[in-house]
Each structure stands twice: as structure tokens, then as C-alpha cells.
Amino acid sequence: MDESRLELKVGALVVAALVGAFTLLVLMGEINFGSGATLIVDFSHTGNVVKNAPVKLGGVPVGRVSDVELLPSRREANGAPLPVKMTLSLNKEAIEALRSDVMVTVSSVGPLGESYLELSPGAAGTPHDPRVAVRGTDAPRLDVVSNRLARFLDAASKVLEEDPEAISKLVNGVGGLTTTVDGVLTENRDDLKTLAGELSAAAKDLRVLAATARTQLEPGGKANALIDDAAATAKLARTELPELSKQASVAIGGLARVSGQLTEEDGQKLRSMLAKYEAAGGKLDAIATRADKLLLKLERGEGSVGAAMQDPAVYDELKALLTDVRKNPWKLLWKE
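Each residue of the sequence shown is one higher than the one before, starting from 1 at the first, in full-length UniProt numbering.
Here you go:
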């Protein structure tokens, strides 16, 4: 009986341990029951990120690195090697939060901690297409930095071996340059203040100009209306120009056909006719000029007719005469 109880306790303890471990794995993100999607990220170096490494968004785990693939022959457009392809398994919420300018960087938990991938969703207006690979931001490589530093130190050592006073010359040169710059700044302090003030005023004017341009370019502004009018004019030109060009071509073709049928004699006659029309036009201009002068004299009362037109008594007599003639037309033929 005691042995059965002991076995029951041991079994319950094992089950509790398994349930606790399973719960811990779920809480740590090792096991995910939700639906998700994949995201492809390209790197030139893994940055010590391995398969099953966590993927975080804002420091919160949202997925895992499901696969790390090596493609040695793959290169970028500029020729730089791009051999690492990572497939990320993310939850649905994280995928929906990604924009078209999403960034993926390599980070680590502390200086010597586990490496993981950090997602920056981006701020673009269009969502990211999961079928499009993202170019990840490569982690700084300490081995490359140390290699470059070693080469720099080797070059500096060679310079010191060839010229032991190179460092002192460099220090003296920098000191002299600093003294010269300080003297120039001291001598031209007032000019520099004036220049700074002018630059500040120019920056203020630019801000005002930018604000004005922004206001004018907004819907309802003059610049926006001008742009709309220009667009409408361009649209009308694109619509009407082909028809106008066609009509012009037809007219030019008709003129060409008519001019092609004219002989040299017809051309001389046409020129003679045009000359006569020109002479007649000149005469008409002269007649019109004389008529204007005559009317002007009449208005001024010059000459007999003008005086008669301007004299009220003469006007009244002529009016009475015409009235009497209309009433007694026989007086024109018969005298008493």
C-alpha cells in the first residue's frame, strides 16, 4: 500500500514537472499555437544569430528564426556578397504591423549574451509584402574592426620607424593650426557675429517662404490653382492639338494643290490683281481722310454748308420750307 502511494506521488510529481516545463516553454515563446507567417531577411553575415534564435519587436518576442540558409554565390546589385538568407516565423500580429520600410537588425542580450533579431516596423503608409525579402542591417563585426585597427597600427609603426619625429611634427602642426584658427576667429569675431545674424535671418526668411509655399500649394491656394490650370491647359492641348494639326495639314495640302496648279502667267495676273487692290485701298483711305476733314469742317461751321448747319435760323427756315412743300407740293411747279 505504501509502495503504491509512493508511486502515485512520484507520478504526480513527474506530471507536474512536465506541465510546468511545458508552461514555461509556452511563456518563453518556445512553443506557439497561434497562426503566423514567414518573413525572409538577407544578411551578409549572421552576426552569431543561429536557428531558433528569438525575434523581438519592441523587446517583446514575436517569433523565431526558423531557418538559416547559406548561398555563397549570391551578391547584391553593387557586387557585395550576400550569402545569408534567414527565414523568420512570426505571429500574425507582428506580420500585420510591418510596413514597407521595415528594418531588421542584429542585437544581443548584453555584451556577451544571446544574439537575436530586432524588428523595427517602419512608418510607411503601405504594408510590407511578406513575399518580398528584407535587407537586414548587418551587425558590427569585431573581427573586421580589429583587423583594420591592426593594419592601422602596423602602418603607424612603419611611419615611426622611418621618421621617429613624425608624431612630434604632427602634434606641432596641429598646435600651429589651432593657434592660427584661434587668431583668425579672434580677429574676425565681429564679422562672424554679423555673418551668423545674416544666416539666422536668411533661415527665418526661408522658413517663412516655405510656410507661404506650403499654404499656397494646399487645396484652395493660388499656386495649387495655378498648377490645376496648367494641368487643365496641358490636358486640353493634348486633346485639341492632334485635331488642329490634322486640320492644318489638310489646309496646307489644299494650298499646295492650288499653288501647284497655277502657271507663271496666273502668278503674274494674281500679283497684278493684288497691286490693283492695294492701289484701290490707298484711294479709299484718301477718300476716307477727306471725308473726315469735311465732316470736321461741317461740325466747326466752316463753309456755307457748315454755317447753314450751325445757324438755327437757317435750320428753322429750311424746316418750314420742307413742311410747306410736303403740304403744298404744287408750289414747286406753279407760281402765283
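The beta-carbon is built from N, C-alpha and C at its ideal position, and this holds for glycine as well.
Margin query: Quick check: the Cα distance between Ser245 and Ile252, rounded to an integer number of angstroms?
Written below: 10 Å
Item checked: Residue interval of the beta strand (DSSP E) (run including Glu161) -> Where Glu161 is concerned, there is no enclosing beta strand (DSSP E), although the alpha helix (DSSP H) it sits in stretches over 142 to 162.
Notebook entry, point to check: Count the other CB atoms within 10 Å of the CB of Leu57; is the residue buried (16 or more) or exposed (fewer)?
Noted result: buried
Item checked: Glu3 versus Ala16: straight-line alpha-carbon distance, rounded -> 20 Å
Notebook entry, point to check: With a Cβ-Cβ cutoff of 8 Å, do Leu88 and Val55 count as a contact?
Noted result: yes
Check: How far does the beta strand (DSSP E) with Glu114 in it reach, from first residue to last?
Finding: Neither: Glu114 is in no beta strand (DSSP E) and is coded neither H nor E.
Margin query: Please determine whether the Cβ atom of Leu71 lies at a distance below 7 Å from any heavy atom of the ligand ATP.
Written below: What this structure holds is no ligand at all, so the ligand ATP is not there to describe.
Check: Are Pro130 and Ala37 closer than 8 Å when you measure CB to CB?
Finding: yes
Next item on the list: Starting from Lys51, follow the alpha helix (DSSP H) in both directions and report where the run begins and ends.
Entry: Taken as a continuous stretch (DSSP letters only), Lys51 belongs to no alpha helix (DSSP H), as it is neither H nor E.
Next item on the list: State the Cα-Cα distance for the pair Pro83 and Tyr116, rounded to the nearest angstrom.
Entry: 19 Å
Margin query: Quick check on this structure: which residue in Val62, Leu206, Asp205 has the alpha carbon closest to the alpha carbon of Ala94?
Written below: Val62
Note to self: Helix, strand or coil, according to DSSP, for Gly253 in the structure here?
What the structure shows: helix
Notebook entry, point to check: Is it a yes or a no for the stretch 97 to 105 touching the stretch 133 to 140, going by three-plus beta-carbon pairs under 8 Å?
Noted result: yes
Next item on the list: Report the partner residues of Gly63 according to the DSSP bridge assignment.
Entry: Val55, Leu90
Checklist line | Same chain, Cβ closer than 8 Å to Ala53, five either side skipped, listed in chain order | finding: Arg64, Val65, Glu114, Ser115, Tyr116, Leu117
Note to self: So, for Pro127: in the same chain, excluding its five sequence neighbours on each side, which residues have a beta-carbon less than 8 Å away from its beta-carbon?
What the structure shows: Glu96, Leu98, Arg99, Ser100
Note to self: Please report the straight-line C-alpha distance between Leu209 and Arg151, rounded to a whole angstrom.
What the structure shows: 51 Å
Margin query: Under DSSP, the beta strand (DSSP E) around Asp107 begins and ends at which residues?
Written below: Residue identity check: residue 107 is Ser in the sequence provided, not Asp. Residues 103 to 108.
Notebook entry, point to check: Residues in its own chain within less than 7 Å of Ala280 by CB, not counting five upstream and five downstream?
Noted result: none
Checklist line | CA-to-CA distance, Val19 to Leu6, given in whole angstroms | finding: 20 Å
Check: Per DSSP, what kind of secondary structure is Arg271 in: helix, strand or coil?
Finding: helix
Check: Rounded to the nearest angstrom, how far is the Cβ of Val41 from that of Ala133, given a contact under 8 Å?
Finding: 7 Å
Check: Hey, Ala77 and Ser44: beta-carbon distance below 8 Å or not?
Finding: no
Item checked: CA-to-CA distance, Asp143 to Glu69, given in whole angstroms -> 22 Å
Check: What three-state label does DSSP hand Pro127 in the structure shown?
Finding: strand
Check: In the DSSP assignment, what residue or residues form a beta bridge with residue 340?
Finding: A query on residue 340 cannot be resolved here, the shown segment of the chain reaching from 1 to 336 and no further.
Note to self: Suppose the cutoff is 8 Å on Cβ atoms and the five residues either side in sequence are ignored; what does the same chain contact list for Leu192 look like?
What the structure shows: Leu185
Next item on the list: Express the C-alpha separation of Gly47 and Val145 in angstroms, rounding to a whole number.
Entry: 14 Å
Item checked: Short CB-CB distance (under 8 Å) between Pro54 and chain D -> Absent from the structure: chain D. Only one protein chain is present.
Next item on the list: Just list the alpha helix (DSSP H) runs in the stretch 187 to 243, keeping only unbroken ones of 4 residues or longer that don't cross its boundaries, in chain order.
Entry: 189 to 217
Next item on the list: Closer than 6 Å by C-beta to Ser120: which residues in its own chain qualify, once you throw out the five before and the five after it? Chain order, please.
Entry: Met103
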